[in-house]
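So the protein lines, in turn, are chains A and B. Here numbering that gives the first Met the number 0 is used: the first residue of the first sequence is 0, the next is one more, and so on. Here numbering that gives the first Met the number 0 is used: the first residue of the second sequence is 0, the next is one more, and so on. Idealized CB from N, CA, C, for every residue including glycine. Source: prediction; values computed, not measured.
There are 2 protein chains.
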Amino acid sequence: MLRLTKKADYSLIALKHFAARQRESGDSLSAKEVADNCGIPLPLLSKLLQKLGKTGFLISEYGTNGGYRLARDPKLISALEVIRAIDGPVVLANCFTETLHCGHSDRCTVRRPLKRIHEAILRLLESVSIEDMLQDSDEDLSSKTLPHSLVALQGSPKHLAPSATAVK
Amino acid sequence: MLRLTKKADYSLIALKHFAARQRESGDSLSAKEVADNCGIPLPLLSKLLQKLGKTGFLISEYGTNGGYRLARDPKLISALEVIRAIDGPVVLANCFTETLHCGHSDRCTVRRPLKRIHEAILRLLESVSIEDMLQDSDEDLSSKTLPHSLVALQGSPKHLAPSATAVK
DNA sequence: TGAATCTGCGACCAATGCGATCTGATTTCT
DNA sequence: AGAAATCAGATCGCATTGGTCGCAGATTCA
Numbered sequence: 000m001l002r003l004t005k006k007a008d009y010s011l012i013a014l015k016h017f018a019a020r021q022r023e024s025g026d027s028l029s030a031k032e033v034a035d036n037c038g039i040p041l042p043l044l045s046k047l048l049q050k051l052g053k054t055g056f057l058i059s060e061y062g063t064n065g066g067y068r069l070a071r072d073p074k075l076i077s078a079l080e081v082i083r084a085i086d087g088p089v090v091l092a093n094c095f096t097e098t099l100h101c102g103h104s105d106r107c108t109v110r111r112p113l114k115r116i117h118e119a120i121l122r123l124l125e126s127v128s129i130e131d132m133l134q135d136s137d138e139d140l141s142s143k144t145l146p147h148s149l150v151a152l153q154g155s156p157k158h159l160a161p162s163a164t165a166v167k
Numbered sequence: 000m001l002r003l004t005k006k007a008d009y010s011l012i013a014l015k016h017f018a019a020r021q022r023e024s025g026d027s028l029s030a031k032e033v034a035d036n037c038g039i040p041l042p043l044l045s046k047l048l049q050k051l052g053k054t055g056f057l058i059s060e061y062g063t064n065g066g067y068r069l070a071r072d073p074k075l076i077s078a079l080e081v082i083r084a085i086d087g088p089v090v091l092a093n094c095f096t097e098t099l100h101c102g103h104s105d106r107c108t109v110r111r112p113l114k115r116i117h118e119a120i121l122r123l124l125e126s127v128s129i130e131d132m133l134q135d136s137d138e139d140l141s142s143k144t145l146p147h148s149l150v151a152l153q154g155s156p157k158h159l160a161p162s163a164t165a166v167k
């Protein structure tokens with residue numbers, strides 16, 4: 000539940016790879032190169048790169064030494080954008096999409112708190128760029144403060160309950 | 000993508016309904032009653048309530064006027080617990096479940112930043128209880144500060160980039 | 001006390017969406 | 001010009017989810 004699609008996952012990995020390589024040379028990378036280095040099934044990756052090309056994240060180049068190239072600065076590509084491009088609009092609860100009110104009395108009151116969570120998640124994903132991922136590669140997780148800051152949530156001056164930090 | 004399952008969605012709605020009704024009378028509510036009032040297909044709801052009973056959120060009572068009753072204080076039931084009970088462990092990226100390292104060089108470096116997001120989401124879901132949802136029913140969304148505070152993220156002293164606040 | 005009825009319980013079936021594969025169009029190098 | 005290598009689109013099979021049906025247990029009323 001609440002999982003990222005493999006597609007989205009692969010896309011992020013691939014884009015990160017592009018960002019890393021692009022620092023060294025401005026050449027295009029073929030789908031095969033990326034697939035080999037990232038351990039992604041080539042056919043699937045092709046489809047993803049294709050879509051990323053259409054949606055403006057990558058520039059495709061035909062020909063023998065063709066391939067793909069990042070279209071923008073990795074700083075300007077947020078995880079959210081990528082996920083949206085690949086998987087379509089991000090939706091938490093199903094009601095959000097449907098225009099009609101779910102009807103009865105107190106039925107849909109749950110939506111509001113959920114929507115908050117939803118928005119928080121979006122804000123979270125939005126605040127992380129490919130560039131961030133690149134920098135964040137090999138540091139230890141729990142110890143240090145986040146490099147580009149992972150978020151600060153709208154409102155919410157109070158502190159959250161202690162709440163078992165068991166994060167599984 | 001990143002959507003809550005209908006099952007989980009329904010479960011939250013149902014639990015909230017239980018919490019609301021329980022304030023007035025301590026009686027059990029039949030599956031039918033909940034289904035009618037919440038607009039959830041009865042057979043599906045039955046299955047959900049059944050599972051919620053097994054996992055200790057509800058107490059089931061047989062007999063002519065039987066039904067279900069909340070097993071604990073709605074304050075003590077977090078959205079995360081419910082989602083986990085219904086949909087299984089919450090997982091963001093697929094790699095998190097697999098024990099084996101995905102292998103190559105820089106391949107899995109994306110995981111770390113994603114894991115942060117993942118944990119943030121979990122913390123978020125954990126901090127919201129059924130009780131919160133109840134209180135949060137009819138207020139206006141954007142205007143006021145959050146009642147039980149929806150989160151404050153670990154670390155992250157800096158502010159996030161301005162970033163288009165378009166949240167769809 | 002017995003039977004009817006209402007309840008929860010478990011297993012089964014259908015469908016949307018995801019993942020993977022195959023074939024075709026376009027460009028560059030020889 | 002030919003051939004190799006690349007991107008591009010369409011198609012197929014599978015898995016998880018959503019939804020339904022029939023059965024067993026408990027209670028209550030006659």
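**OP:** Give the range of the alpha helix (DSSP H) segment to which R3 (chain B) is assigned.
**Re:** The sequence position of residue 3 (chain B) within the second sequence is 4, counting from 1. Reading off the sequence shown, one finds Leu at residue 3 (chain B), where the question assumed Arg. No alpha helix (DSSP H) contains L3 (chain B), which DSSP labels as neither H nor E.
Original post:
Leaving out five residues before and five after T4 (chain B) in sequence, what residues of the same chain have Cβ atoms less than 6 Å from its Cβ?
Top reply: Position 5 of the second sequence, counted from the start, is the residue given in the question as residue 4 (chain B). The residues are D86.
Original post:
Around the C-beta of Y61 (chain B), are 16 or more other C-beta atoms found within 10 angstroms, so that it is buried, or is it exposed?
Top reply: Taking the first residue of the second sequence as position 1, residue 61 (chain B) is located at position 62. Exposed, by the Cβ-count rule.
**OP:** Taking L47 (chain A) as part of the alpha helix (DSSP H), name the residues at either end of that continuous run.
**Re:** Taking the first residue of the first sequence as position 1, residue 47 (chain A) is located at position 48. For L47 (chain A), the enclosing alpha helix (DSSP H) stretches over residues L41 to K53.
Subject >> Assumed close pair S128 (chain B), S77 (chain B) - CB separation to whole angstroms, cut-off 8 Å >> reply: For the purposes of this step, residue 128 (chain B) is identified with residue 129 of the second sequence, where counting begins at 1. For the purposes of this step, residue 77 (chain B) is identified with residue 78 of the second sequence, where counting begins at 1. Their Cβ separation, rounded to whole angstroms, is 5 Å, which keeps S128 (chain B) and S77 (chain B) in contact under 8 Å.
Original post:
So, helix, strand or coil for R111 (chain B), using DSSP?
Top reply: For this step, residue 111 (chain B) is matched to residue 112 along the second sequence. Helix at R111 (chain B).
**OP:** Taking only the alpha-carbon atoms, compute the straight-line gap between K6 (chain B) and L47 (chain B) and give it to the nearest angstrom.
**Re:** Here residue 6 (chain B) refers to the residue found at position 7 when the second sequence is read from its first residue. Here residue 47 (chain B) refers to the residue found at position 48 when the second sequence is read from its first residue. Approximately 7 Å, taken between the alpha carbons.
Original post:
I120 (chain A) versus chain B: which residues are under 9 Å apart at the beta carbon?
Top reply: Here the question's residue 120 (chain A) lines up with position 121 in the first sequence. L1, I116, A119, I120 and L123, listed in chain order.
Subject >> Neighbourhood of S59 (chain A) by C-beta, 6 Å cutoff - its chain only, sequence neighbours within 5 removed >> reply: Taking the first sequence and counting its residues from 1, the one referred to as residue 59 (chain A) is at position 60. Closer than 6 Å at the Cβ level, and outside the excluded window around S59 (chain A), lie G52 and Y67.
Original post:
Between A:A34, A:L28, A:I82 and A:E32, which lies nearest to L121 (chain A) when the distance is taken from Cα to Cα?
Top reply: The count along the first sequence starts at 1 and reaches residue 121 (chain A) at position 122. That would be A:I82, whose Cα lies nearest to the Cα of L121 (chain A).
Original post:
Do K31 (chain B) and L43 (chain B) have their C-beta atoms within less than 9 Å of each other?
Top reply: Position 32 of the second sequence, counted from the first residue, corresponds to residue 31 (chain B). Position 44 of the second sequence, counted from the first residue, corresponds to residue 43 (chain B). Contact: no.
Subject >> Whether K50 (chain B) touches A84 (chain B) by CB criterion (9 Å) >> reply: Position 51 of the second sequence, counted from the start, is the residue given in the question as residue 50 (chain B). Position 85 of the second sequence, counted from the start, is the residue given in the question as residue 84 (chain B). Result yes, Cβ atoms of K50 (chain B) and A84 (chain B) sit closer than 9 Å.
Original post:
Under a three-way DSSP split, which group does I58 (chain A) fall into?
Top reply: Counting from 1 along the first sequence, the entry for residue 58 (chain A) is found at position 59. Note: I58 (chain A) maps to strand in three-state DSSP.
**OP:** Put S169 (chain A) into one of helix, strand or coil per three-state DSSP.
**Re:** Examination of residue 169 (chain A) is not possible in this model, given that chain A is present from 0 through 167 alone.
Original post:
Under three-state DSSP, which class holds R68 (chain B)?
Top reply: Here residue 68 (chain B) refers to the residue found at position 69 when the second sequence is read from its first residue. It is a strand residue.
**OP:** Give the C-beta separation of L57 (chain A) and L69 (chain A) to the nearest angstrom, bearing in mind that I take them to be a contact with Cβ-Cβ under 8 Å.
**Re:** Looking up residue 57 (chain A) in the first sequence gives position 58. Looking up residue 69 (chain A) in the first sequence gives position 70. Contact holds; Cβ gap of about 6 Å.
**OP:** Rank A:V89, A:E130, A:L75 and A:M132 by C-alpha distance to the C-alpha of I116 (chain A) and give the top, closest one.
**Re:** Sequence index remark: in the first sequence, residue 116 (chain A) carries index 117 (1-based). The shortest C-alpha separation from I116 (chain A) is found at A:V89.
Subject >> 7 Å Cβ cut-off: residues of chain B touching P112 (chain A) >> reply: Counting from one through the first sequence, the residue named residue 112 (chain A) turns up at place 113. Ordered by position in chain B, the residues that pass the 7 Å Cβ test against P112 (chain A) are V127, D131, M132 and D135.
**OP:** Leaving out five residues on either side along the sequence, give the residues of the same chain with a beta carbon under 8 Å from the beta carbon of P112 (chain B).
**Re:** Within the second sequence, residue 112 (chain B) is the residue found at index 113, counting from 1. Around P112 (chain B): no qualifying Cβ.
**OP:** Let me know if D35 (chain A) comes out buried or exposed under the rule of 16 or more other beta-carbons within 10 Å of its beta-carbon.
**Re:** In the first sequence, residue 35 (chain A) corresponds to position 36, counting from 1. Answer is exposed; the Cβ neighbour count stays below 16.
Original post:
Rounded to the nearest angstrom, how far is the Cβ of S27 (chain B) from that of G65 (chain B), given a contact under 8 Å?
Top reply: As a working mapping, residue 27 (chain B) is identified with position 28 in the second sequence. As a working mapping, residue 65 (chain B) is identified with position 66 in the second sequence. Yes, they are in contact, since the Cβ atoms of S27 (chain B) and G65 (chain B) sit about 6 Å apart, within 8 Å.
Subject >> Residue range of the unbroken alpha helix (DSSP H) whose run includes D131 (chain B) >> reply: Numbered from 1 along the second sequence, position 132 holds the residue referred to as residue 131 (chain B). Per DSSP, D131 (chain B) belongs to the alpha helix (DSSP H) from I129 to Q134.
**OP:** Count the other CB atoms, across all protein chains shown, that sit within 10 Å of the CB of R2 (chain A); report buried if there are 16 or more and exposed otherwise.
**Re:** Here residue 2 (chain A) refers to the residue found at position 3 when the first sequence is read from its first residue. Result: buried.
**OP:** For L99 (chain B), name the three-state secondary structure that DSSP assigns.
**Re:** Taking the second sequence and counting its residues from 1, one reaches residue 99 (chain B) at position 100. Confidence at L99 (chain B) is low in this model, with a pLDDT of 43, below 50, so its placement is unreliable and the value that follows should be read with caution. It is coil, neither helix nor strand.
Original post:
From C37 (chain A) to L124 (chain A), what does the alpha carbon distance come to, in whole angstroms?
Top reply: One-based indexing of the first sequence puts residue 37 (chain A) at position 38. One-based indexing of the first sequence puts residue 124 (chain A) at position 125. In a straight line, the C-alpha of C37 (chain A) is about 22 Å away from that of L124 (chain A).
Subject >> Nearest to D8 (chain B) (by Cα), restricted to the options A:M132, A:K114 and A:P73 >> reply: In the second sequence, the residue the question calls residue 8 (chain B) occupies position 9. Among A:M132, A:K114 and A:P73, the Cα nearest to that of D8 (chain B) belongs to A:K114.
Original post:
Buried or exposed: where does D131 (chain B) fall if 16 or more other Cβ atoms within 10 Å of its Cβ makes it buried?
Top reply: Working through the second sequence from its first residue, we reach residue 131 (chain B) at position 132. Buried: at least 16 other Cβ atoms inside 10 Å.
**OP:** Can you grab the Cα-Cα spacing for the pair S126 (chain B) / V33 (chain B), in whole Å?
**Re:** Taking the first residue of the second sequence as 1, we reach residue 126 (chain B) at position 127. Taking the first residue of the second sequence as 1, we reach residue 33 (chain B) at position 34. Whole-angstrom Cα-Cα distance: 25 Å.
**OP:** Give the straight-line distance between the Cα atoms of L14 (chain A) and R22 (chain A), rounded to the nearest whole angstrom.
**Re:** For the purposes of this step, residue 14 (chain A) is identified with residue 15 of the first sequence, where counting begins at 1. For the purposes of this step, residue 22 (chain A) is identified with residue 23 of the first sequence, where counting begins at 1. For L14 (chain A) and R22 (chain A), the distance between alpha carbons rounds to 13 Å.
Original post:
Can you list, in chain order, the residues of its chain whose CB lies under 7 Å from that of S219 (chain B), leaving out five sequence neighbours each side?
Top reply: Residue 219 (chain B) falls outside the range modelled here, since chain B spans only 0 to 167, and no answer is possible.
Subject >> CA-to-CA distance, I12 (chain A) to H16 (chain B), given in whole angstroms >> reply: Residue 16 (chain B) sits at position 17 when you count from the first residue of the second sequence. Residue 12 (chain A) sits at position 13 when you count from the first residue of the first sequence. The straight-line gap from Cα to Cα measures roughly 42 Å.
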